[in-house]
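In full-length UniProt numbering, the protein residues as written are 1 to 246. Glycine included, every Cβ here is placed at the ideal spot set by N, Cα and C. One structure below.
Encoded structure:
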């Protein structure tokens, strides 16, 4: 018996990296999983295959979360394929990609998070949980400076976190809890790679300051634990190196 048997989870941005591992971890605990991708269908299909081969249930859904159509498609997929929605892991983030609109970071990291939660909330059962994934660099951006290249992303993710926290009373009315998971730089993620490319030595410097950095799988495991952890709504779970920022 898994802790999430009979539950359905949406994990945004789960075709690769942290999100993909979160999807596999919650599936291993019994959840049926909606694996979300924006463009890379083969990657998402591979995650679904890995879950189903391990005896789990999953479906891949292409959805741009910055659009109403994408939000609707993702929420609808949970109900149409699995008949319920009990866990929403808000992992998708961005803002360092080239060729995107100037306000893309805010569209994805704040507006899309709120729009998806508002669409999901009426369908989520009492006792459901929302997990928002962020970074220490974003969570503490108002008090601790970060690299210039990451500032727009950090500020938009903090704006997203604040907007989600403002909905805690609404969530409480429906017996839904919100947990924030804040992590240090994670070895092997796209964001860390881009930051190190723009600011050579950034990963090595942060690793030296923190002692060590979590791997993708280690960070994903901590996020997955928060799906069922007995913590109060609004709790922030710090993963690695947070003392440097506090």
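Taking the CB atoms as reference points, tell me whether residue 75 and residue 60 lie closer together than 8 Å.
-> In this structure, residue 60 does not lie closer than 8 Å to residue 75 by Cβ.
Whole-Å CB distance - residue 78 paired with residue 10, under 8 Å assumed = Right, the Cβ-Cβ distance comes to about 6 Å (below 8 Å), so this counts as a contact.
List the endpoints of the continuous beta strand (DSSP E) containing residue 60.
-> That run of the beta strand (DSSP E) goes 58-62.
Status (buried if at least 16 other CB within 10 Å, exposed otherwise) for residue 39 = When all chains shown are included, residue 39 counts as exposed.
Could you give the uninterrupted runs of the alpha helix (DSSP H) lying entirely in the segment 104-151, keeping only those of 4 residues or more?
-> Listed in chain order, they are 112-120 and 136-139.
Hey, would you say residue 92 sits closer than 8 Å to residue 30, going by beta carbons?
-> For the pair residue 92 and residue 30, the CB atoms are not nearer than the 8 Å cut-off.
With residue 216 as the anchor, note down where its alpha helix (DSSP H) starts and where it stops.
-> Per DSSP, residue 216 belongs to the alpha helix (DSSP H) from 216-225.
Separation of residue 163 from residue 114, as counted between CA atoms = Going from the Cα of residue 114 to the Cα of residue 163 covers about 7 Å.
DSSP on residue 231, reduced to helix/strand/coil?
-> Residue 231: coil per DSSP, three-state reduction.
May I have the straight-line CA-CA distance separating residue 188 from residue 17, to the nearest angstrom?
-> Taking the Cα positions, residue 188 is about 8 Å away from residue 17.
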